[in-house]
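*Asks:*
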Ligand SMILES: Cc1cc2nc3c(=O)[nH]c(=O)nc-3n(C[C@H](O)[C@H](O)[C@H](O)COP(=O)(O)OP(=O)(O)OC[C@H]3O[C@@H](n4cnc5c(N)ncnc54)[C@H](O)[C@@H]3O)c2cc1C
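Residue numbers (this note's numbering): 127 to 493.
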């Protein structure tokens with residue numbers, strides 16, 4: 127396979143809201159720096175391209191607009207900047223000594239080597255699996271994967287759906303499945319309460335879908351594809367506490383959380399730490415989004431699971447910090463304003479966990 131060497135000052139891995147904002151703000155603050163984005167998908171926008179609902183969050187980060195509309199806005203301003211070049215269908219494979227990043231371009235059928243001064247890893251997160259017999263049957267999906275099938279490819283994953291998880295993702299994807307013509311038989315939630323916004327839960331309930339709190343999926347069965355989902359009540363120790371119910375379903379969606387996609391950071395030797403409030407292992411980073419390796423920064427869900435508004439602001443901070451380090455400009459006022467805005471967003475009820483996690487991380491030593 128041919129190898130192409132690409133020159134840039136800042137390389138951004140991942141073209142979701144964090145990566146796009148990192149590119150935009152770095153280029154705006156330090157004109158002339160060359161910025162490259164590598165994105166393994168054939169579209170920019172990350173999770174936003176499949177979100178058809180109006181976003182919660184902060185007005186400055188376009189709350190009230192639908193996810194895919196926010197993606198369009200972010201893409202548009204990145205595309206308009208001649209200092210930013212975009213490599214779609216290009217996966218970052220590894221970050222090596224001397225800051226070298228190796229990528230594979232599916233679009234061009236070649237390997238690409240970048241030697242940037244700074245790399246910002248904004249690779250997002252992956253969906254969690256739930257352990258129960260039959261979880262590998264065809265018909266069992268991550269809720270985000272089902273949403274991609276529906277909203278990006280126009281394919282309905284199934285007709286009769288059970289959703290596991292009543293956080294925002296479980297509630298929103300259930301609603302969108304119904305909009306697309308599927309029947310949602312029930313939403314199952316292990317905790318005694320609903321984790322997502324009550325406005326989403328109320329909408330689902332009005333459509334006649336039961337939300338069974340303190341319940342779990344015991345097993346999924348079927349000859350070659352999913353046919354039945356067995357569900358049972360559980361006590362506070364997650365032990366079965368009553369008789370099970372069986373749903374005849376061809377689809378079971380798992381909306382049981384996300385884990386930061388940190389493989390590149392681990393491989394590159396960044397100091398890692400397990401912080402449960404951030405979703406698992408994350409790279410140690412400071413409030414400028416700098417990791418223990420001075421040339422590598424992080425932003426968005428890869429640095430701790432949160433939401434699009436915080437991903438955009440972390441992207442902005444990482445972009446500015448990288449630009450400052452390379453250009454010699456003093457961007458400290460702008461960085462500090464973005465940090466304050468981020469702290470403001472995290473003051474809301476849903477930011478509490480992230481605040482706790484980021485505080486824990488800051489208290490750990492860098493080595
Ligand atoms: C169903 C659902 C509903 C949501 N609703 C809301 C909401 O209402 N409001 C809100 O604020 N947030 C919401 N979110 C959360 C929000 O979408 C995410 O927090 C946000 O997209 C995270 O941004 P990111 O840039 O960190 O990651 P992502 O959006 O996941 O982007 C990461 C990008 O990196 C790319 N990538 C990964 N690895 C590589 C690699 N090795 N090489 C190249 N590219 C790579 C991926 O393809 C992806 O495009 C929702 C999420 C879901 C799933």
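Ideal placement from N, C-alpha and C gives every residue a C-beta, glycine not left out. Predicted, not measured: the structure shown is a model, and the values here were computed from it.
What does the alpha-carbon distance come out to for the pair residue 225 and residue 179?
*Replies:* As a position in the chain shown, residue 225 is number 99, starting the count at 1. As a position in the chain shown, residue 179 is number 53, starting the count at 1. Each residue's Cα considered, the two are about 39 Å apart.
*Asks:* Is residue 144 near ligand 1, judged by its Cβ being under 6 Å from some heavy atom?
*Replies:* Residue 144 sits at position 18 when you count from the first residue of the chain shown. Correct: residue 144 has its Cβ closer than 6 Å to ligand 1.
*Asks:* Look at residue 193 and residue 182 and say whether their C-beta atoms are less than 7 Å apart.
*Replies:* Walking along the chain shown from the start, residue 193 turns up at place 67. Walking along the chain shown from the start, residue 182 turns up at place 56. Their beta carbons are not under 7 Å apart, which means residue 193 does not touch residue 182 by this criterion.
*Asks:* Taking residue 408 as part of the beta strand (DSSP E), name the residues at either end of that continuous run.
*Replies:* Along the chain shown, read from residue 1 onward, the residue named residue 408 stands at position 282. 406 to 409 is the extent of the beta strand (DSSP E) around residue 408.
*Asks:* From the DSSP output, in three-state form, read off residue 299 for me.
*Replies:* Looking up residue 299 in the chain shown gives position 173. Residue 299 falls in the helix class under three-state DSSP.
*Asks:* Looking at C-beta atoms only, is the number of pairs between the stretch 325 to 345 and the stretch 256 to 267 that lie closer than 8 Å three or more?
*Replies:* The stretch 325 to 345 vs the stretch 256 to 267: in contact.
*Asks:* Using three-state DSSP, classify residue 466 as helix, strand or coil.
*Replies:* For this step, residue 466 is matched to residue 340 along the chain shown. Residue 466 falls in the helix class under three-state DSSP.
*Asks:* Within the stretch 225 to 306, note down every full beta strand (DSSP E) run reaching 3 residues or more, in order along the chain.
*Replies:* Correct list: 227 to 231, 236 to 240, 244 to 247, 251 to 253, 266 to 268, 286 to 290.
*Asks:* So residue 201 is in the beta strand (DSSP E); what residue range does that whole segment cover?
*Replies:* For this step, residue 201 is matched to residue 75 along the chain shown. Here residue 201 belongs to no beta strand (DSSP E); instead the alpha helix (DSSP H) covers 193 to 205.
*Asks:* Classify residue 211 as helix, strand or coil using the three-state DSSP reduction.
*Replies:* The residue given as residue 211 occupies position 85 in the chain shown. DSSP places residue 211 in strand when its eight states are reduced to three.
*Asks:* Does ligand 1 have a heavy atom nearer than 6 Å to the CB of residue 167?
*Replies:* For this step, residue 167 is matched to residue 41 along the chain shown. It does: the Cβ of residue 167 is within 6 Å (strictly closer) of some heavy atom of ligand 1.
*Asks:* Hey, residue 244 and residue 448 are a contact pair by Cβ (cut 8 Å); roughly how many whole angstroms apart?
*Replies:* Working through the chain shown from its first residue, we reach residue 244 at position 118. Working through the chain shown from its first residue, we reach residue 448 at position 322. With a Cβ gap of about 4 Å, residue 244 and residue 448 count as contacting.
*Asks:* Using the Cβ count rule (16 or more neighbours within 10 Å means buried), how would you classify residue 459?
*Replies:* Here residue 459 refers to the residue found at position 333 of the chain shown. Looking at its Cβ environment, which holds fewer than 16 other Cβ atoms inside 10 Å, residue 459 is exposed.
*Asks:* Please classify residue 372 as buried or exposed, where buried requires at least 16 neighbouring CB atoms within 10 angstroms.
*Replies:* As a position in the chain shown, residue 372 is number 246, starting the count at 1. When all chains shown are included, residue 372 counts as exposed.
*Asks:* Please return the same chain residues whose Cβ sits closer than 6 Å to the Cβ of residue 176, not counting the five positions on each side in sequence.
*Replies:* By 1-based counting over the chain shown, the position of residue 176 is 50. These residues qualify, in order along the chain: 273, 274, 277, 278.
*Asks:* Consider the C-beta atom of residue 173 and the heavy atoms of ligand 1; say whether any pair is separated by less than 6 Å.
*Replies:* Taking the chain shown and counting its residues from 1, the one referred to as residue 173 is at position 47. It does: the Cβ of residue 173 is within 6 Å (strictly closer) of some heavy atom of ligand 1.
*Asks:* Which word fits residue 410, buried or exposed, when buried means at least 16 other C-beta atoms lie within 10 angstroms of its C-beta?
*Replies:* Here residue 410 is taken as the residue at index 284 of the chain shown, counted from 1. Per the 10 Å Cβ criterion, buried.
*Asks:* Going by CA-CA distance only, name the one from 156, 127, 162 that's closest to residue 136.
*Replies:* If you number the chain shown from 1, residue 136 lands on position 10. Residue 162 is the option with its Cα nearest to residue 136.
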